[in-house]
Structure formats: C-alpha cells, structure tokens
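**Student:** My questions all concern the structure below.
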Amino acid sequence: MSRTLACTLVLLAGARAPAAAKLPPPTREHAFVVMPPGRRNDGLRRHPFYGYVITPHAVVDGGVVYCAYQNGRGEPMVASYDIAKKTRAGPVRASTFGLGGDDHGNPSFYVDRKGYLHVFYGCHGRAMRHTKSVKPRDITKWQEQKPPTPRATYPQSMRLSDGTACLFYRAGGHMAPWTLRTSTDDCTTWSKGMRIIEMRVKPRDPRAAAYCAFRPGADGKTIHCFWNFKDDNPRRRPKAYPDLHEAVYRYNMYYVRRDPDGVWRTRAGEAVSLPVSKAEADAKCTAYDSGKEFAYPGRIAVDGKDRPHIKLSTGVRDWRKDRRVVVPMRFKYAALAEGKWAVTDNLPDGWSAEVKTVISGRGLEAFGDRSRGRWFIFYRYLPDNSVGIFLYHEATGYAVRQK
C-alpha cells in the first residue's frame, strides 16, 4: 500500500481569474498529480481516465474532492483534496489488481451515505472488481469486496438522493446490454441486473451495439442517459468508409431518463419498454439523427431545472495509430426546447452559464456536492512523456502542488 502523502496546495496566481473555459494551458506546475512516463500500448500511452463511459473520476463529498485514475499497471489510484484546508492526500494504490495495458480497467469512484469510499474497476468482459476504504473518508487503507457482477465493462456509478447506489455497466462484450444494479445497503449487496439498453432486439440483430453515458439529475432523483448505435457488422459499413477502425461506426444520439418513480421515459414523458430496443430508440428516443455520418457523445450537462444538454461530435476519424481524419470533426449542441430536441452547430447563447461551464470546460465534471461550485478533472501528456492529472475549480482555477 502506498504511503499517504500530504502536501499543501496553492491556487494558481490570480485567485479569482480563470473560469473553466479560460484556464491557461496546463503545465507540469499546474498538475495535481504527475504520473511517471510509461510504456506505450498499441502506439498509445495508457490512459488514466476513460472518457464518458467510465464515470465519475472525481466526487465531491464532505468538503473533499476525491479523485480516481489508473496507473501504468492498470491499478486504481486515489487522491483527495480538502477544499477548505487546500491540502492533498495521496495518491494511494487502492488495489494491486490491474488490467495492465488495457484502458478498460479504469476506475469509477463512489462515496456511500456513511462516508465509505468505493472503487469499481478492472473489468473488460470479466468480473467487476470492487474495493472499499477501511474507514470512512480515509483513502489510506482498502479492502477488496465481492464482485457486484460476474461480467462487465465500463462501470458508471452514482448515488441518488435517497441513498440508493446505482451501478451501470455493459454486461460483457460489444453487443451485451447496458445494465443497472442497485444497492440500498451502501454497496454490501446488489439487486439482480436490469437491462436498460439492448440494441440487438426488435429487430433481432446480433451485431447491433450501443455506447451509453449515464448522469445523475440535478436533484439526485432522476437519471439521464444518452447513447448511440454502434454497428458491429462489417458488411454494413458505408462504401465511402469501408476499412476504418471498428470503433468508428457509431450513429445517431438517443436519450431516455429515469424518473423518481423508477420508470424510464422519453423526453416527452412517454414510458419505454425495457430494455430499450433499436426500434423503440429510433421511434421514440432520437435526439439527433446522423444519417450516414457518424456521431459520438461528448459532454453532458444537466441544469438546475433538471434539463439535459449534450455536446456531441460528428465527422470521420480513424482510431488507429495514424488517427487519420477523413471528414473533419465538428461539434453539435442539443437540448430540449418546448418538448423537442433543438440541435445547433454552435453553442447557443441562450444556454445558462452553468451549462456552458460544464459543456465548454476541460475534462470531466465531478459528481456530488455543488454547493461550493463545480470541480473538474482531466489529464494531459507532458513533454517528458509523464502524465499530469489536473484538478480545477470553475472559479478559482487549478489546485496545484506546492512542490
């Protein structure tokens, strides 16, 4: 177990200066944590985070920002930042288990009602790993727990206002359904898996898949879900783009929400059948129809009135080593307006400041307490091939190491 380090942090010079969208370029001096250089995996360095399909990587609870990421061996690492004291603890290794060079093992972080810390990690079509802090709000010691599910990829966790723990994941490989398990005893026992999204049914299509992003509502009583259709059938690839990386072939953007009564509904309030099929998604849940182009989820924001907003990208870029751009990538912005989805090419002036902050800010927003403003986390590769983890506040800027 790594020794907990404590070092005083100072805010970036000009304490009131940088809002989320106006941060200066990140440097080593701005980093919250610096990871040493690592070996390359498939032409790419290992990623300490995994985008929108493993969340959250940071949680604000009890005046502390907790952060989780994976190191070069794929092991989950945890660090924390006391907002009032401006001090850091960690990083600490929460487990010695890791998937090595597989980025899918990245951690999802969770804090239960009693303050115990949980990390869900280390799964790519296998049993999801779960480790828990020995003491509440203490990152120094961890104890392995029973796997919440025998097969999973992409854990996404959140706590509802009534204390219910929600754990979303893909229940296996590409075409497996996106599934929910819940716990009402602070992650000690879990419900049976409930399939939420499965594109293989109605019509039957064994090569239809989905990529989902789940996000808690503004009051902790609802859950918002965006996803796209991932076509795993090489015979259906567009003639214009026949030989790109298999992960490129994703289309459309869909949306459903889980209301406080536990029912999943469309943006119009119509209940959907679970699991949501491709046919029902096309007929009732479409937020953006990409046609023959590709579409990928990006930043998701939920405003104070619990209204969802999404920044998505379109275009064609190969995901292999050369990252070849075939059609330039473009952003689009979607939100509900008078019960319908309005999609624009530019960030709308009418969106609230809080939404613009989340949509335009660097990195991923921390889940949890927002009473002291929003916290974000992201990473960058530094010139010496080390990796910087950057933690920042929307108003006060970077939380940086003193030394």
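Numbering (our numbering), first residue to last: 21 to 423.
By construction, the Cβ of each residue, glycine as well, lies at the ideal position given by its N, Cα and C atoms.
All values reported here derive from a predicted model rather than from experimental measurement.
At the level of alpha carbons, what is the spacing between Pro226 and Val154?
**Tutor:** Approximately 43 Å between the Cα atoms of the pair.
**Student:** Thr116: which of Gly110, Ala191, Arg93, Ser100 sits nearest, CA to CA?
**Tutor:** The residue with the shortest Cα to Cα distance from Thr116 is Arg93.
**Student:** Do the CB positions of Trp395 and Val98 come within less than 7 Å of each other?
**Tutor:** Contact flag unset, no.
**Student:** Could I get the ranges of all uninterrupted alpha helix (DSSP H) runs contained in the segment 362-405, with 4 residues as the minimum, in chain order?
**Tutor:** Entirely contained in the segment 362-405, the alpha helix (DSSP H) runs reaching 4 residues are, in chain order, 373-380.
**Student:** Identify, in the order they occur along the chain, each residue of the same chain with its Cβ nearer than 7 Å to the Cβ of Glu218, setting aside the five sequence neighbours on each side.
**Tutor:** Taken in chain order, the residues that qualify are Pro197, Pro295, Ser297.
**Student:** Out of Gly282, Met273, Leu137, point me to the one whose CA is closest to Thr160's CA.
**Tutor:** Minimum Cα distance to Thr160 is reached at Leu137.
**Student:** Could you tell me how far apart the beta carbons of Lys134 and Asp205 are, in whole angstroms, since I believe they sit closer than 8 Å?
**Tutor:** Not quite, the Cβ-Cβ distance comes to about 10 Å (not below 8 Å), so this is no contact.
**Student:** Name the residue from Tyr316, Tyr401, Trp210, Glu290 whose alpha carbon lies nearest to the alpha carbon of Lys304.
**Tutor:** The option with the nearest alpha carbon to Lys304 is Glu290.
**Student:** Whose C-beta lies closer than 6 Å to the C-beta of Leu402 among residues of the same chain, with five residues either side of it excluded?
**Tutor:** Excluding residues within five positions, the ones whose Cβ falls inside 6 Å are Arg48, Gly408.
**Student:** Classify Ala343 as helix, strand or coil using the three-state DSSP reduction.
**Tutor:** According to the sequence provided, residue 343 is Arg. The question's Ala does not apply to it. Arg343: coil per DSSP, three-state reduction.
**Student:** Once the 5 residues before and after Ala415 are set aside, which same chain residues still bring their CB inside 6 Å of it?
**Tutor:** Excluding positions up to five away in sequence, the list reads Gly393.
**Student:** His244 to Gly237, Cα distance in whole Å?
**Tutor:** Distance between the alpha carbons of His244 and Gly237 is about 6 Å.
**Student:** Using only CA atoms, which one of Pro127, Thr169, Lys152 lies nearest to Gly145?
**Tutor:** Checking every option, the nearest Cα to that of Gly145 belongs to Thr169.
**Student:** CB-CB under 7 Å to Gly83, same chain, minus the five flanking residues each way: which ones, in chain order?
**Tutor:** Once the five neighbours on either side are set aside, the close Cβ partners of Gly83 are Asp102, Ile103, Ala104.
**Student:** Buried or exposed for Arg108, going by 16 or more other Cβ atoms inside 10 Å?
**Tutor:** When all chains shown are included, Arg108 counts as buried.
**Student:** Helix, strand or coil for Asp302 per DSSP?
**Tutor:** It is helical.
**Student:** So for Tyr261, helix, strand or coil by DSSP?
**Tutor:** Three-state DSSP puts Tyr261 in coil, outside helix and strand.
**Student:** Just mark Val80 as buried or exposed, buried being the case when its beta carbon has 16 or more other beta carbons within 10 Å.
**Tutor:** By the 10 Å Cβ count, Val80 comes out buried.
**Student:** Less than 8 Å between the CB atoms is what I'm expecting for Pro167 and Arg190, so what's the real figure, rounded?
**Tutor:** With 8 Å as the limit, Pro167 and Arg190 do not qualify as a contact, their Cβ atoms being about 15 Å apart.
**Student:** Pull up the CB-CB distance for Ala299 and Pro223, whole angstroms please, since I reckon it's below 8 Å.
**Tutor:** Indeed, because the Cβ distance is near 6 Å, the residues count as touching under 8 Å.
**Student:** Please classify Asp239 as buried or exposed, where buried requires at least 16 other C-beta atoms within 10 Å of its C-beta.
**Tutor:** It counts as exposed.
**Student:** Spatial neighbours of Trp361 within its chain, please: C-beta separation below 6 Å, excluding the five flanking residues on both sides.
**Tutor:** Answer for Trp361: Ala307, Ala354, listed in chain order.
**Student:** Quick one: Cα of Met195 to Cα of Val221, how far?
**Tutor:** Going by the C-alpha atoms only, they are around 11 Å apart.
**Student:** Alpha carbon to alpha carbon, what distance is there between Thr151 and Gln165?
**Tutor:** C-alpha separation (whole angstroms): 5 Å.
**Student:** So what does DSSP say about Arg319, is it helix, strand or coil?
**Tutor:** Here Arg319 sits in strand by DSSP.
**Student:** From Lys106 to Val346, what distance separates their C-alpha atoms?
**Tutor:** Those two C-alpha atoms are separated by around 46 Å.
**Student:** Apart from the five residues on each side of it in sequence, which residues of its chain come closer than 6 Å, Cβ to Cβ, to Gly335?
**Tutor:** Excluding positions up to five away in sequence, the list reads Val347, Pro348, Met349, Arg350.
**Student:** For Ala267, which of helix, strand or coil comes out of DSSP?
**Tutor:** In this structure, Ala267 counts as helix in the three-state DSSP scheme.
**Student:** Contact defined as beta carbons within less than 8 Å: I believe Phe246 pairs with Pro317. What is the distance between those atoms, to the nearest angstrom?
**Tutor:** That belief holds up - the Cβ atoms of Phe246 and Pro317 are roughly 5 Å apart, short of 8 Å.
**Student:** Of the residues Asp281, His265, Ser310, which one's Cα is nearest the Cα of Tyr274?
**Tutor:** It is Ser310.
**Student:** What is the rounded straight-line gap between the Cα of His413 and the Cα of Gly359?
**Tutor:** Spanning the two alpha carbons is a distance of roughly 33 Å.
**Student:** Do Gly142 and Gly121 have their CB atoms nearer than 7 Å?
**Tutor:** No, the pair does not count as a contact, with Cβ atoms beyond the cut-off.
**Student:** Given a threshold of 16 other Cβ atoms within 10 Å of its Cβ, counted over all protein chains shown, does Gly118 qualify as buried or as exposed?
**Tutor:** Gly118 comes out buried.
**Student:** Measure the Cβ-Cβ separation of Gly184 and Thr199 and say whether it is below 7 Å.
**Tutor:** In the sequence as displayed, the identity of residue 184 is Thr instead of Gly. For Thr184 and Thr199, no; Cβs fall outside 7 Å.
**Student:** Roughly how many whole angstroms lie between the Cα atoms of Asp389 and Tyr130?
**Tutor:** Approximately 13 Å between the Cα atoms of the pair.
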